[in-house]
């Protein structure tokens, strides 16, 4: 970054104001301050995890509802799945396959697969190879987990439908079929939307 003196000149601000702004940036983890002859203010690499936590906190304070989250997922995730079908690496495919196999194992063991379902969506987000998309997917999944809980009511048929949907999305990514991947993701989220609506009607 420019020196403190240069920032004062560029922004026509007082030295006190510039120092306060730099302290704020340092506190937020956006810059490093180094002392000594080679010191100065240096922009840090973007911490996506920190951004995700800040973004999630802001949305939580706004009390975002499940219906808004599902609507956001319908807007974001089909395109993310299309990108994943174009960009996924061999390692991404390996991890997605592993997530499907682990889910099947925990279901056979009588354990609720909620965390594995979330992990699958996060992996698809990562396979899109765009940190912004990954950030958005992670955030909506975090918020939905908070809103719905760790163990939403799933019948055996519901669980089987989720497994089949995830398998279809995976196969489309594996075979590099972007439109199929996007359509499969959209159909899956619409199914989740209907299931949550039924749950709300039963509990209201």
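In my numbering, the protein residues as written are 1047 to 1250. No residue lacks a Cβ here, since even glycine has one placed at the ideal position from N, Cα and C.
Is it right to say residue 1123 is buried, meaning 16 or more other beta carbons lie within 10 angstroms of its own, or is it exposed?
Buried.
Nearest to residue 1146 by CA position, among 1167, 1127, 1156 and 1129, is which residue?
Answer by Cα proximity: 1167.
Would you call residue 1083 buried or exposed, if buried means 16 or more other Cβ atoms sit within 10 Å of its Cβ?
By the neighbour-count rule (16 or more Cβ atoms within 10 Å), residue 1083 is not buried but exposed.
Taking only the alpha-carbon atoms, compute the straight-line gap between residue 1085 and residue 1065 and give it to the nearest angstrom.
Distance between the alpha carbons of residue 1085 and residue 1065 is about 15 Å.
Could you give the DSSP three-state label for residue 1087: helix, strand or coil?
If DSSP states are grouped into helix, strand and coil, residue 1087 belongs with the strands.
Going straight from the alpha carbon of residue 1227 to that of residue 1160, what length do you get?
Approximately 21 Å, taken between the alpha carbons.
Which of the three DSSP states is assigned to residue 1079 in this structure?
Strand, per DSSP.
Applying the criterion that 16 or more other CB atoms from any shown protein chain within 10 Å of the CB defines a buried residue, is residue 1202 buried or exposed?
Classification of residue 1202: exposed, given that the 10 Å Cβ count is below 16.
Work out the CA separation of residue 1113 and residue 1089 for me, nearest whole Å.
One C-alpha to the other measures close to 38 Å.
For the alpha helix (DSSP H) containing residue 1058, list its first residue and its last residue.
Careful: residue 1058 lies outside any alpha helix (DSSP H) and carries neither H nor E.
Provide the residue span of the alpha helix (DSSP H) that contains residue 1185, from first to last.
Counting along the chain, the alpha helix (DSSP H) containing residue 1185 begins and ends at 1177 to 1194.
By DSSP, does residue 1223 sit in helix, in strand, or in coil?
Coil.
The alpha helix (DSSP H) spanning residue 1171 covers which residue range?
1160 to 1173 is the extent of the alpha helix (DSSP H) around residue 1171.
Quick one: is residue 1070 buried, meaning 16 or more other Cβ sit within 10 Å of its Cβ, or exposed?
It is exposed - the Cβ of residue 1070 has fewer than 16 other Cβ atoms within 10 Å.
Check residue 1124 in the structure and name its three-state DSSP category.
Helix at residue 1124.
Can you give the Cα-Cα distance for residue 1245 and residue 1125, rounded to whole angstroms?
Computed Cα separation, rounded: 27 Å.
Beta carbon of residue 1129, beta carbon of residue 1175: below 9 Å?
A contact, by the Cβ cut-off of 9 Å.
Rounded to the nearest angstrom, what separates residue 1234 and residue 1178 at their Cα positions?
Approximately 22 Å, taken between the alpha carbons.
When the Cα atoms are used, what is the spatial distance from residue 1165 to residue 1049?
Each residue's alpha carbon lies about 44 Å from the other.
So, with DSSP's three-state summary, where would you put residue 1111?
Correct three-state label for residue 1111: coil.
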